[in-house]
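Chains as they are written, first to last, in our numbering: chain D, 32 to 146; chain C, 11 to 128. Note that the Cβ used here is the ideal one computed from N, Cα and C, for glycine as well.
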Amino acid sequence: ELKVEQNPLFLSMQEGKNYTIYCNYSTTSDRLYWYRQDPGKSLESLFVLLSNGAVKQEGRLMASLDTKARLSTLHITAAVHDLSATYFCAVDESAGGTSYGKLTFGQGTILTVHP
Amino acid sequence: NAGVMQNPRHLVRRRGQEARLRCSPMKGHSHVYWYRQLPEEGLKFMVYLQKENIIDESGMPKERFSAEFPKEGPSILRIQQVVRGDSAAYFCASSGFTGTASANQPQHFGDGTRLSIL
């Protein structure tokens, strides 16, 4: 059974600081997704990571994937209050083109950015 | 709005009643997924459907829960004889492809149905 673990689960940051959220998963997969969820809202797709060494950046967020280590990171640069939300990584259990999109989610990281 | 549409947004039921949650996928999408989110937890996969077919229901509880995606109309997640433990947010997601063609297209999620059991 695929397990996806995020850490930390709670992250309190000051504006302007940098930090990294980690996502470890237990079985082979080359498809990993990061989502953002605001309280009471749906999930917004942030990044799609499909291959070993993939790195994607959008604004103050950068995500990377190391399939050999089964690890993805979400790096936050110079945090601002608007980044406060819950961040989820999700792994597609399949590999090699047989995917049908069954996602296993991490527990989520609740990020709070303070002035 | 061509996004994933779920209704109702909020649903309150008493123990023992039935709950019906509806999901219309994005236009052009024929794959529907249902997930459940308990308070302060991540989403858990429940079921994957294509039109008129249940492809994977490995995350569905064995009793009281059923899902369908008919040829016409929305996908329905049905919970019979609800209990307090069914209180959760239920999210529907859709995608247009599977296999390698789906890889760079994330699933699109609806706004969810918050189910409360009295």
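Below 9 Å between beta carbons: does that hold for C:Leu21 and C:His41? no
Spatially closest choice to C:Leu125 from D:Ala121, D:Gly71 and D:Leu96, by CA coordinates: D:Gly71
Three-state class that DSSP yields for D:Leu77 in the structure shown: strand
Cβ atoms of C:Arg32 and C:Pro84: under 9 Å apart, would you say? yes
C-beta neighbour in chain D for C:Ser105, strict 9 Å: yes
Which residues DSSP lists as bridging D:Leu96, in chain order: D:Ser103
Does the distance from the CB of D:Ser73 to the CB of C:Asp121 come in under 9 Å? yes
Does DSSP put D:Leu42 in a helix, in a strand, or in coil? strand
Considering only residues of the same chain and omitting the five flanking positions on each side of D:Asn83, which have a CB-CB separation below 6 Å? Thr98
Does DSSP put C:His41 in a helix, in a strand, or in coil? strand
Alpha carbon to alpha carbon, what distance is there between D:Gly139 and C:Gly106? 26 Å
According to DSSP, is D:Leu114 part of a helix, a strand, or is it coil? helix
Could you check which residue in D:His112, D:Asp69, D:Ala110 and D:Phe136 has the C-alpha nearest to that of D:Glu32? D:Phe136
Quick check on the burial criterion: 16 or more other C-beta atoms within 10 angstroms. Buried or exposed for D:Arg67? buried
D:Gly132 classed as buried or exposed, judged by whether at least 16 other C-beta atoms fall within 10 angstroms: buried
Out of D:Asp123, D:Glu124, D:Pro146 and D:Thr104, which one is the CA nearest neighbour of D:Tyr50? D:Thr104
Return the bridge partner residues of D:Asn55 from the DSSP annotation. D:Glu36 and D:Leu102
Write down the C-beta distance between D:Lys34 and D:Ser57 rounded to the nearest angstrom, noting that I regard them as a contact closer than 8 Å. 4 Å
Assigned secondary structure, C:Arg124 (DSSP; H/G/I helix, E/B strand, else coil): strand
How big is the Cα-Cα spacing for D:His112 and D:Pro146? 7 Å
Endpoints, beta strand (DSSP E) assigned at C:Val22: His20 to Arg23
Residues bridged to C:Ile48 by DSSP? Note on identity: in this sequence residue 48 of chain C is Leu, with Ile being the wrong assignment. DSSP output for C:Leu48 lists no bridge partner at all.
Going by the beta-carbon positions, is the gap between D:Ser95 and D:Ala85 smaller than 9 Å? yes
Between C:Pro18 and chain D, is the shortest Cβ-Cβ distance under 9 Å, so that the two count as touching? no
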